[in-house]
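For what it's worth, UniProt numbering labels the leading residue of the sequence shown as 1, then goes sequentially. Notes follow the structure.
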Amino acid sequence: MKYAWIDKMRDTYPLQSLCRLLSVSTSGFADWKGCGGPTLWLSDAQLLALIRSVHAEFNGAYGSPRICQELKSRGFPVSKARIRRLMTLHGIRARHKRRYKATTNSKHALPVAPNLLNRQFDVAAPDQVWTTDISVPQQAA
1 MKYAWIDKMR
11 DTYPLQSLCR
21 LLSVSTSGFA
31 DWKGCGGPTL
41 WLSDAQLLAL
51 IRSVHAEFNG
61 AYGSPRICQE
71 LKSRGFPVSK
81 ARIRRLMTLH
91 GIRARHKRRY
101 KATTNSKHAL
111 PVAPNLLNRQ
121 FDVAAPDQVW
131 TTDISVPQQA
141 A
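Here you go:
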């Protein structure tokens with residue numbers, strides 16, 4: 001509101017005098033003028049909608065730094081801190097890729113049991129061939 005009044009009265013009075021009268025800095029006025037003024041400022045609800053759309057567009061992989069960079073490239077005046085605050089407040093989090101975990105160690109000098117059955121599961125009589133499974137059943141929590 002102060003900056004808009006200063007902008008309107010700038011033709012009549014010097015900028016420094018107007019800024020001193022309203023106790024604002026000339027650099028603050030220049031910043032306000034540079035970002036387009038209040039017409040481009042976004043409310044938290046509008047910014048949250050943009051954050052959610054960018055987050056969904058990139059399948060939840062973008063966090064606050066990348067979302068900030070994306071919104072700035074689209075021409076919105078935003079800050080990383082504001083985006084981080086809104087994302088934290090509304091529980092929006094980036095998905096992290098899980099690191100590959102090797103579960104088998106094949107590089108060892110231990111003897112390996114021979115494959116005697118070789119996938120021939122048909123037998124003539126009971127108790128000639130026994131098989132087993134080493135998978136672990138999922139336990140209820």
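A virtual CB, placed ideally from N, CA and C, is assigned to each residue, including glycine. Because the structure is a prediction, the values reported are computed rather than measured.
Bounding residues of the alpha helix (DSSP H) (the contiguous stretch that carries residue i)
i     : result
Thr12 : First-last for Thr12: undefined, no H or E at that position.
Lys97 : Segment: none, Lys97 is in no alpha helix (DSSP H) and carries neither H nor E.
Thr26 : Thr26 to Gly34
Cα-Cα separation, residue i to residue j
i      : j      : result
Ala124 : Arg98  : 48 Å
Ser27  : Gln16  : 10 Å
Asp122 : Arg52  : 57 Å
Ser106 : Val112 : 10 Å
Cys19  : Gly34  : 16 Å
Sequence-distant residues of its chain with Cβ nearer than 8 Å to residue i (five each side left out)
i     : result
Val54 : Tyr62, Ile67, Glu70 and Leu71
Classification of residue i by the beta-carbon crowding that lies within 10 angstroms, buried from 16 upward
i     : result
Tyr3  : buried
Ile83 : buried
Close-in-space but distant-in-sequence residues of the same chain around residue i (CB under 7 Å, 5 per side omitted)
i     : result
Asp44 : Leu86
Closest by C-alpha distance to residue i, when choosing among the options
i      : options                          : result
Phe76  : Leu47, Arg20, Ser23 and Trp32    : Leu47
Val129 : Val136, Gly60, Asn118 and Ala102 : Asn118
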